[in-house]
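Everything on this sheet refers to the single structure shown next.
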Amino acid sequence: MKIKVENIVDMVRPKTVVHVGASTGSEVRHYLDSGVETLHLIEPLPDVCEQLVNTWGHQHPRIIFWQCACLDKEGEVEFHVAANEGMSSSIYGKPNLDMHNCEFIDKITVPACQLDDLGYIASLEVDLLVVDAQGSED
């Protein structure tokens, strides 16, 4: 059973949210409408992160954008870009994502960061952490 982020937001009513793997920001409107005061959107793909900034950067002064892949190390990592507008992109290539039936069209290098090292996120009282990282959530 898949739980929708929107349902969790409605139950928890968070004020500060960190969303790893924000993709195109499909949940952002719901976050803002639900009273989220500070929203950190983390997206590793440069083009998708730029789209997030262009779409949502003017919507709320407390949306902070981070372009990196959250891992257990800092530096750079090879990232497999999926054909579905990048939505199934991952640090893992085939066969790890065969279950998603996705095709990878490119490999790029993106910055890698540890979540607790991103600026002042470590010092925040985070009410909700959402991780949608295509199998690397473990």
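Numbering (my numbering), first residue to last: 6 to 143. All C-beta atoms in this analysis are idealised placements derived from N, C-alpha and C, irrespective of residue type, glycine included.
Tell me which residues share the same chain as residue i and place their Cβ nearer than 6 Å to its Cβ, disregarding the 5 neighbours each side in the sequence.
| i | result |
| --- | --- |
| Ile69 | His45 |
| Val33 | Trp61 |
| Val135 | Val10 and His24 |
| Asn59 | none |
Based on the DSSP output, what are the partners of residue i in its beta bridges?
| i | result |
| --- | --- |
| Trp71 | Ile47 |
| Val136 | Val25 |
| Cys54 | BP columns for Cys54 are empty, so no partner. |
| Pro116 | Glu81 |
| Val86 | Asp111 |
Indicate whether residue i and residue j have their beta-carbon atoms separated by less than 8 Å.
| i | j | result |
| --- | --- | --- |
| Glu108 | Ala87 | yes |
| Leu129 | Val14 | no |
| Leu57 | Gly26 | no |
| Glu48 | Ser28 | yes |
Taking the alpha carbon of residue i as the point to measure from, which residue in the options has its own alpha carbon closest?
| i | options | result |
| --- | --- | --- |
| Pro66 | Leu37, His85, Lys112 and Gly80 | Leu37 |
| Glu79 | Leu134, Asn59, Thr43 and Ala117 | Ala117 |
| Lys112 | Leu50, Leu57 and Leu76 | Leu50 |
| Thr21 | Val82, Glu83 and Val131 | Val131 |
| Ile110 | His85, Ile126 and Arg18 | His85 |
| Leu76 | Asp137, Gly40 and Pro19 | Asp137 |
| Gln72 | Asp52, Gln64 and Arg18 | Asp52 |
Less than 8 Å between C-beta atoms, sequence neighbours within five positions excluded: which residues of the same chain meet that for residue i?
| i | result |
| --- | --- |
| Glu81 | Thr114, Val115, Pro116 and Ala117 |
| Val17 | Asp132 and Leu133 |
Who are the near neighbours of residue i in its chain, counting only those whose CB is closer than 7 Å to its CB and skipping five residues on each side?
| i | result |
| --- | --- |
| Pro100 | Per-residue confidence for Pro100 stands at a pLDDT of 46, beneath the threshold of 50, marking its modelled position as unreliable; the derived number appears in the next sentence. No residues qualify anywhere along the chain. |
| Asp143 | Residue confidence for Asp143 is low, a pLDDT of 49 falling below 50, so the modelled location carries little weight; the figure read from the coordinates is stated next. No residues qualify anywhere along the chain. |
| Pro19 | Val41, Asp132 and Leu133 |
| Gln64 | Leu37 |
| His35 | Glu11 and Val14 |
Flag residue i as yes when its Cβ comes closer than 7 Å to any non-hydrogen atom of the ligand GDP, and as no otherwise.
| i | result |
| --- | --- |
| Ser39 | Absent from the structure shown: the ligand GDP. Ligands present: none. |
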